[in-house]
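Quick note, the sequence shown lines up with residues 956 to 1323 if you use the numbering used here. All C-beta atoms in this analysis are idealised placements derived from N, C-alpha and C, irrespective of residue type, glycine included. Bear in mind that the values here come from a model prediction, so they are computed numbers and not experimental data.
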Amino acid sequence: MLQPHEGPIAGTHYLPSTPETCLWGRLPTRRHEPVLRIRSGETVTIDTLSHEGILEDQGRDPVAYLKQFDVPADGVLADARDLAASDVAHDYDADGPHVVTGPIAVDGAEPGDVLRVEVLDLLVRAPYGFVSSRHGYGALPGEFPLTPADTGAGGDVPRAYGSVCHFTAVVSSGGRLYGTLPYGDGRAARFPLAPFLGLMGVAVDTDDPVHSVPPGAFGGNLDINELQIGSALYLPVQLPGAGFYAGDPHYAQGDGEVALTALEAPLRATLRLSVVPQAQAGALGVADGPFAETATHWLPVGLHSDLDEAMRRAVRAAVAFLARTQGMPPQTALAYLSAAADFEVSQVVDGVKGIHCLIRKADFPAHV
956 MLQPHEGPIA
966 GTHYLPSTPE
976 TCLWGRLPTR
986 RHEPVLRIRS
996 GETVTIDTLS
1006 HEGILEDQGR
1016 DPVAYLKQFD
1026 VPADGVLADA
1036 RDLAASDVAH
1046 DYDADGPHVV
1056 TGPIAVDGAE
1066 PGDVLRVEVL
1076 DLLVRAPYGF
1086 VSSRHGYGAL
1096 PGEFPLTPAD
1106 TGAGGDVPRA
1116 YGSVCHFTAV
1126 VSSGGRLYGT
1136 LPYGDGRAAR
1146 FPLAPFLGLM
1156 GVAVDTDDPV
1166 HSVPPGAFGG
1176 NLDINELQIG
1186 SALYLPVQLP
1196 GAGFYAGDPH
1206 YAQGDGEVAL
1216 TALEAPLRAT
1226 LRLSVVPQAQ
1236 AGALGVADGP
1246 FAETATHWLP
1256 VGLHSDLDEA
1266 MRRAVRAAVA
1276 FLARTQGMPP
1286 QTALAYLSAA
1296 ADFEVSQVVD
1306 GVKGIHCLIR
1316 KADFPAHV
């Protein structure tokens, strides 16, 4: 267990998730004061919290909820207990589920600039997590989750609001961590962990409340599973200081996130936040929405409530990126993308759906 303030903290700054440093189900806007100020290029370690285990349909009592899975009280994170017991505003029906830590003001960030978020480290904070589905959500709304009445004796225990949560233990084998999903007769599916933050963004230029679920030009709940250690996310700044925030930690997620959630579980994330001035942002190929990269790939992103339109936007973003950064004629860029790039469904469960493109850096003679 990585309890708050305990264990390795690699960042120059440390931001725990407390009732004073986070929002629940809403994103920061111009109405929210920063909970931390840092200089461009500095690092910050953020203890992120998963919403699973503390939500109202789970009793808003993580100790009692996890007890049914044989997790002792000292196996529950103190910050999860504190948030669930606090008076932090959260409406299960009107708000998103996510615990959003921030905002962080970055000195010198101004509208028109780009905030570069480098993922330096991601540490598992607990040896378990949950994969959840709830009626009315996911890729098959109304069909799943199945309840004991559907499956017969021995089915999953139903929760209020028609949700089913699959407890997922984390095990170590051969120096790697794996998630395990039991499915009867002593059998369990085992899959490798690949941690990332599902939610990273900048404050939205509005006074209106902003729901935490749909992603947008500000980033937010992108659920791009490529954003692991060594990756970078670029976000167009909307407000002075940028107002960076993070949440929705995942231990693993398949493209699409079809059940509704990934393997939701808490992470200690160390990030470097740097301001890219507006004059330099164009050379990176960053336009008017999120853009990402890994050591091996560039990732243009398309977002829209219609998956077909999200795909079109991702293709347009990829064509524009290659034209700006490689000097490639648009028609040639489209041909290259058709022959060599992969377009993956980030998620289909957040209202605004996501497509991200994977362009191999090694295919080009000069990297950005």
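For residue i, the three-state DSSP class (helix, strand or coil)
i, result
"M1155", "strand"
"D1305", "coil"
"Y1020", "helix"
"D1037", "helix"
"Y1092", "coil"
"D1002", "strand"
"S1293", "helix"
"L1010", "coil"
"A1317", "helix"
"G1030", "helix"
"A1060", "strand"
"F1122", "strand"
"F1276", "helix"
"A1326", "Beyond the ends of the chain as shown, which are 956 and 1323, falls residue 1326; an answer cannot be given."
Residue i versus the options, residue with shortest Cα-Cα distance
i, options, result
"R994", "A1060, L1188, W979", "A1060"
"P1169", "G1153, I1184, A1149, E1065", "G1153"
"D1163", "E1011, D1046, V1125, L982", "L982"
"D1210", "Y1200, A1149, G1202, G1185", "A1149"
"V1126", "M1155, A1081, S1087, G1139", "A1081"
"P1027", "M956, R1015, L1038, T976", "M956"
"T1000", "G1097, Q1193, A965", "A965"
"C977", "V990, G1139, T984", "V990"
"L1038", "P1017, A1144, H1205", "P1017"
"R992", "A1295, I1314, Y1200", "Y1200"
"L1262", "G1008, H1311, P1096", "H1311"
"G1130", "D1203, P1147, P974", "P1147"
Beta-carbon proximity check, residue i vs residue j, cutoff 8 Å
i, j, result
"T1225", "L1132", "no"
"P1058", "H968", "no"
"Y1083", "A1207", "no"
"V1304", "A1094", "yes"
"S1087", "T1216", "yes"
"V1165", "T984", "yes"
"N1176", "S1186", "no"
Pairwise C-alpha distance: residue j and residue i
i, j, result
"V1270", "D1178", "19 Å"
"L1136", "F1173", "34 Å"
"V1274", "P1285", "6 Å"
"G1171", "G1244", "7 Å"
"D1034", "A1064", "30 Å"
"P1113", "M1266", "In this prediction, P1113 scores a pLDDT of 44, lower than 50, which makes its location untrustworthy; the coordinate-derived value is nonetheless stated afterwards. So the two alpha carbons sit approximately 36 Å from each other."
"E1264", "G1309", "10 Å"
"A1108", "M1155", "Interpretation of A1108 is limited by its pLDDT of 43, a score under 50 that renders its predicted location unreliable; the figure taken from the coordinates is listed afterwards. Looking at the two C-alpha atoms, the distance is approximately 41 Å."
"A1238", "H1252", "16 Å"
"R1142", "L1194", "51 Å"
"Y1116", "V1307", "Bear in mind that the predicted position of Y1116 carries a pLDDT of just 45, short of 50, making it unreliable; the figure below should be weighed with that in mind. Approximately 23 Å, taken between the alpha carbons."
"D1012", "N1180", "27 Å"
"H1006", "Y1291", "41 Å"
Cβ separation of residue i and residue j, assumed to be a contact under 8 Å, to the nearest whole Å
i, j, result
"V1230", "L1070", "6 Å"
"A1158", "G1198", "3 Å"
"L1222", "V1055", "With 8 Å as the limit, L1222 and V1055 do not qualify as a contact, their Cβ atoms being about 14 Å apart."
"D1189", "V1241", "In the sequence as presented, Asp is not what sits at residue 1189; that position holds Tyr. About 5 Å separates the two Cβ atoms, so the contact holds."
"L1182", "E997", "Between E997 and L1182 the Cβ distance is about 20 Å, and since that is not below 8 Å, they are no contact."
Residue-chain proximity (residue i, chain B), Cβ-Cβ < 8 Å
i, result
"G1129", "Looking at the structure shown, chain B is missing, and only one protein chain is on hand."
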